[in-house]
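In what follows, a structure is listed as structure tokens, so that the remarks can point back to it.
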Amino acid sequence: MIHLIWNNIARRKNQSILTIAITALTVFTFVLIFGVFVTTRQGLNKSSERLGADAIIVPTGADIDGYSLLFTSNPESVYMDIGIMDEVKKLDGVAEVSPQFFSQTVDGGCCDFGTSMRLVGFDPESDFILKALMNKREYDKLGENDIVLGGNFTDYVGKESRVLNKLFHVAGELYPTGTGMDDTVFMRIDRARTITEESENLDVIPEGSDSSRLISAIMVKLDEGVEPAVFANDFLFTDIDAECIATSDTVASLQEQLSNTSAVMFAVWIALLAVAVLSLVGRFSALAKDRKKETGLMRAIGVQKKTVFGLILGEACTMALIGGAIGSIAACLVLNPVMSHIQETFKLPPSVWSPEMTVLAGVLGVVLAVVICFAAALRPAAESASLEPQAAITQGEVN
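For the sequence shown, this note's numbering begins at 14 and goes up steadily by one.
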């Protein structure tokens, strides 16, 4: 049976190639959309779980939004007086606060990381975010010339690296978070202030300011039961000269964008699936019609109806397996470049397309191909198998 199925596919090369191509295109689109949706959703959920802060206080009028602050590592140079932190501590619902100081690395040989990125100074004594994300060693043991790298850095731990023309020891790295933290350099806040002020390549400290009192953001952890959105709204009515960003609002906004985009992509794929099914029904119906005389001869020499039925479905499923495999492999190969482009364009959190997800997507793609080809070939196969030998011979031609 298998040998006969393969011979029938090979004898009708052009028709088989067309059927396989339709199936492969359908599966390619499905796996690509599935991969984009799952990995983006996965990255967003991981980011939400690991953000750590419920709200972030930034300077009034700072040209920075929640997307840039949380989901990119773009350098930011915004500052306010550390005294604001004392005012924030007194607000109802605030459990913990911790300051951060933003600076940046600079292109042009003063940094070993090859590009300009955010440099964050944090306070080890009050910080409640990095500790849970540390991979190699506890951050509170950081010395003055130690740094910690985000989760996207590899092969740096234990080595020496230069930041703003100063040599630092890479003491540890963070677990990936799916946020801008993954591409950020962390060090003690006092050290970050010092090297920023001393740098000949940077001029970001406001003139006349005391850099030892400058901070860029205050990370806020709220008491259990306090809604970040409510806290951010109440913050508007305080006299504190700063602005509040609720991290949950930023994540929710991204989730809404993702859901809307996914709905559009799914609708497009459903339309493509409908066209593919109709095309395949036409292909298998034409195939059954072309083979009527051949089917009649097979029935005349004693081949049973169920064998004819199984032969046609076997050919359809074999072509589905080939098309499904081609479409799945092609989609998996282009998924990472597509995801990188989408994340860069829409500022979505990064995610990892794991081998397990590759296998799952590939299996789903092949199963989908078999299902749609089986469904499309079912009626033509049943009609061919039900033909009487004499009627089949008189109605068709032998190929």
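Positions of the beta carbon are idealized from the N, C-alpha and C atoms, including for glycine.
Quick caveat: nothing in here was measured; it's all calculated off a predicted structure.
DSSP-derived helix/strand/coil call for residue i
| i | result |
| --- | --- |
| P368 | helix |
| D94 | strand |
| G121 | Low confidence applies to G121: its pLDDT is 49, below 50, so where it sits in the model is not reliable, and the reading given next is rough at best. Of the three classes helix, strand and coil, the one that applies to G121 here is coil, per DSSP. |
| V4 | Outside the modelled stretch of the chain, which goes from 14 to 412, sits residue 4, for which no answer is possible. |
| I231 | strand |
| R255 | Rather than Arg, the amino acid found at residue 255 in this sequence is Ala. A255: strand per DSSP, three-state reduction. |
| I69 | strand |
| P112 | strand |
| L132 | strand |
| I22 | helix |
Residue i vs residue j beta-carbon contact at 9 Å
| i | j | result |
| --- | --- | --- |
| L132 | T197 | yes |
| L162 | G185 | yes |
| T53 | G340 | no |
| Y92 | I218 | yes |
| F199 | L215 | no |
| C345 | G48 | yes |
| V51 | M370 | yes |
| D236 | V44 | no |
| E328 | L300 | yes |
| A37 | G375 | no |
| I22 | M332 | yes |
| V71 | I258 | yes |
| V321 | S272 | no |
| S222 | S90 | no |
| D262 | A242 | yes |
| G193 | N87 | yes |
| F115 | K234 | no |
Contact belief for residue i with residue j at Cβ below 8 Å, rounded distance in angstroms
| i | j | result |
| --- | --- | --- |
| R296 | Q28 | 7 Å |
| T260 | A388 | Actually they do not touch by this definition, with Cβ atoms about 46 Å apart. |
| A394 | L326 | 5 Å |
| F181 | I202 | F181 to I202, Cβ: 15 Å. No contact. |
| M130 | Q113 | About 15 Å; that fails the 8 Å criterion. |
| S212 | N178 | 7 Å |
| A245 | A68 | 6 Å |
| V110 | S139 | 7 Å |
| I335 | I33 | 5 Å |
| I35 | L293 | 6 Å |
| R226 | D136 | Their Cβ separation, rounded to whole angstroms, is 13 Å, which puts R226 and D136 out of contact at 8 Å. |
| L324 | I30 | With a Cβ gap of about 20 Å, L324 and I30 do not count as contacting. |
| E210 | S224 | 5 Å |
| T190 | L146 | 6 Å |
| T251 | L104 | 7 Å |
Discussion item. As an exercise, report each continuous beta strand (DSSP E) stretch of at least 3 residues that is fully enclosed by the segment 154-226, in chain order.
Written reply: 159-162, 173-176, 179-186, 198-201
Item to complete: Would you be able to state if there are at least three C-beta pairs under 8 Å between the segment 167-175 and the segment 200-219?
Response: no
Worksheet item: Contact between the segment 99-115 and the segment 274-286: three or more CB pairs below 8 Å?
Response: no
Practice prompt. Let me know the alpha helix (DSSP H) ranges lying completely inside the segment 275-352, each 4 residues or longer, listed in chain order.
Written response: 305-313
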